[in-house]
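**Q** For the sequence shown, the working numbering gives the first residue as 4, with consecutive numbering after it. A virtual CB, placed ideally from N, CA and C, is assigned to each residue, including glycine. Note that the coordinates shown come from a computational prediction; the quantities given were computed from them, not determined experimentally.
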Amino acid sequence: MKLLSFLNQGRETWGAVVGEGVVDLGKVFPQYATLADYIGSGAYLNAAKDVVGHAADIKLSEVVYLPVIPRPEKIICAVRNYMDHHQEVLAAGMHRELSEEPPIFLRVWRSQCAHNQPIVRPRVSESLDWEGELAVIIGKGGRDIPESEAFAHVAGYSCYNDGSVREWQFHAKQIASGKNFESTGGFGPWMVTADEIAPDRQLKLEVRLNGEVVQSSHTGHMIFGIAKMISYASTIFTLTPGDVIATGTPAGVGWSRKPPRFMKHGDVCEVEIEAVGTLRNPIVDQT
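#1: Quick check on L101: buried or exposed, where buried means 16 or more other Cβ atoms within 10 Å of its Cβ?
#2: Compute the Euclidean distance between the alpha carbons of A46 and A36, then round it to the nearest angstrom.
#3: On the DSSP bridge assignment, give the partners of D27 in chain order.
#4: Assuming I286 is part of the beta strand (DSSP E), what are its boundary residues?
#5: In whole angstroms, what separates the C-alpha of I226 from that of P253?
#6: Is K207 buried or exposed, if buried means 16 or more other CB atoms sit within 10 Å of its CB?
#7: Take V82 and list the residues in its own chain whose beta-carbon comes closer than 6 Å to its own, dropping the five residues that flank it on each side.
#8: Near G29, which residues of its chain fall below 6 Å by C-beta distance, leaving aside the five closest residues on each side in sequence?
#9: Leaving aside the five residues before and after Q172 along the sequence, list all residues of the same chain whose C-beta is less than 6 Å from its C-beta, in chain order.
#10: Check whether the Cβ atoms of G13 and I122 sit closer than 7 Å, and answer yes or no.
#11: Using the Cβ count rule (16 or more neighbours within 10 Å means buried), how would you classify N284?
#12: May I ask you to check if the CB of F240 is nearer than 6 Å to at least one heavy atom of the ligand COA?
#13: Could you tell me if G255 is buried or exposed, where buried requires 16 or more neighbouring beta carbons within 10 angstroms of its beta carbon?
#14: Do you know offhand how far G24's Cα is from K5's?
#15: For C116 versus S186, is the C-beta spacing smaller than 7 Å?
#16: What three-state label does DSSP hand M86 in the structure shown?
#17: Can you give the Cα-Cα distance for D246 and R260, rounded to whole angstroms?
#18: Per DSSP, Y1 forms a beta bridge with which residues?
#19: Taking Cβ positions, are S8 and L69 nearer each other than 7 Å?
#20: So within the segment 146-200, which uninterrupted beta strand (DSSP E) runs reach at least 3 residues, ignoring any that extend past its ends?
As structure tokens, this is what we get:
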């Protein structure tokens, strides 16, 4: 199933994609105010049955999307988690050692934007970069989760564009300042439930800027796999339903090109992941 958050006549709600339409399950199940609540209850495991007998409330082509999880408690992001990306960073002149454990940072929810909604280049920057990533949505919370049990905690998968404001990222060794400008992280269009994608399946990942392929890889090239990231993060803090893990980006980012290339007003950036879908965001300047 594909589950999503969206606006229906100005009301925040959530639902499921059925054919070319969306069933507003938030209206059907008012006890679950958000998609995260539905996931946390475990009821999402019956989503295929929950939509039976319900006609679509809105055409998919007319949906106003919200980030899949609009206000997650945590957005956990992996740093340089593809070997080819690590190598291109070194080749571009940055001195970084491979870590023995997954290097991570946190995003805030206001830094996210939805499918078809604009990624905003802040007025203080001319170096807004793309980073296509597979996002993992936590379904069952927990602390100190062993790797062997990690996939039992996954609700589903989505596309993420971990947009990076490079000047601000490089202000210090801690990169979070360049990763948390408002509306720079695309997230969507929906979550594909975990039953549709086998654990550790290699998924093709492609990023296109104005139709030109700028990143092309697959998730099998991750340095630290999904189970390791879940286990590591849950050692630090309790994972909760709706938490998001952005698993890192492969080679092909704009900063490491010669000359560097960045997103600008009027561009369109797409992140396509096999078996998940395509996240599309126009780029606009901050007003």
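**A** Quick answer:
#1: Indexing the sequence shown from 1 puts residue 101 at position 98. So L101 ends up on the exposed side.
#2: Here residue 46 refers to the residue found at position 43 of the sequence shown. Here residue 36 refers to the residue found at position 33 of the sequence shown. Computed Cα separation, rounded: 13 Å.
#3: Position 24 of the sequence shown holds residue 27. Beta-bridge pairing links D27 to G18.
#4: Within the sequence shown, numbered from 1, the residue matching residue 286 stands at position 283. Per DSSP, I286 belongs to the beta strand (DSSP E) from 280-288.
#5: Locating residue 226 in the sequence shown gives position 223, where the first residue counts as 1. Locating residue 253 in the sequence shown gives position 250, where the first residue counts as 1. Roughly 10 Å separates the two Cα atoms.
#6: Mapped onto the sequence shown, residue 207 falls at position 204. The residue is exposed, with fewer than 16 neighbouring Cβ atoms inside 10 Å.
#7: For the purposes of this step, residue 82 is identified with residue 79 of the sequence shown, where counting begins at 1. Around V82: P106.
#8: By one-based count along the sequence shown, residue 29 stands at place 26. Only T16, W17 meet the Cβ criterion.
#9: As a first step, residue 172 must be located in the sequence shown, where it is residue number 169. Excluding positions up to five away in sequence, the list reads I178, G181.
#10: Counting from one through the sequence shown, the residue named residue 13 turns up at place 10. Counting from one through the sequence shown, the residue named residue 122 turns up at place 119. Not a contact, by the Cβ cut-off of 7 Å.
#11: Counted from its first residue, the sequence shown places residue 284 at position 281. It counts as buried.
#12: With respect to small molecules bound, the structure shown includes none, and the ligand COA cannot be examined in it.
#13: As a position in the sequence shown, residue 255 is number 252, starting the count at 1. It counts as buried.
#14: Working through the sequence shown from its first residue, we reach residue 24 at position 21. Working through the sequence shown from its first residue, we reach residue 5 at position 2. If you take the alpha carbons of G24 and K5, they lie about 11 Å apart.
#15: Here residue 116 refers to the residue found at position 113 when the sequence shown is read from its first residue. Here residue 186 refers to the residue found at position 183 when the sequence shown is read from its first residue. Yes, these two residues count as a Cβ contact at 7 Å.
#16: Indexing the sequence shown from 1 puts residue 86 at position 83. If DSSP states are grouped into helix, strand and coil, M86 belongs with the helices.
#17: Here residue 246 refers to the residue found at position 243 when the sequence shown is read from its first residue. Here residue 260 refers to the residue found at position 257 when the sequence shown is read from its first residue. If you take the alpha carbons of D246 and R260, they lie about 32 Å apart.
#18: With the chain represented from 4 up to 290, any question about residue 1 goes unanswered, as that position is not in the structure.
#19: Position 5 of the sequence shown, counted from the first residue, corresponds to residue 8. Position 66 of the sequence shown, counted from the first residue, corresponds to residue 69. Yes, the Cβ-Cβ distance between S8 and L69 is below 7 Å.
#20: 157-165, 188-196
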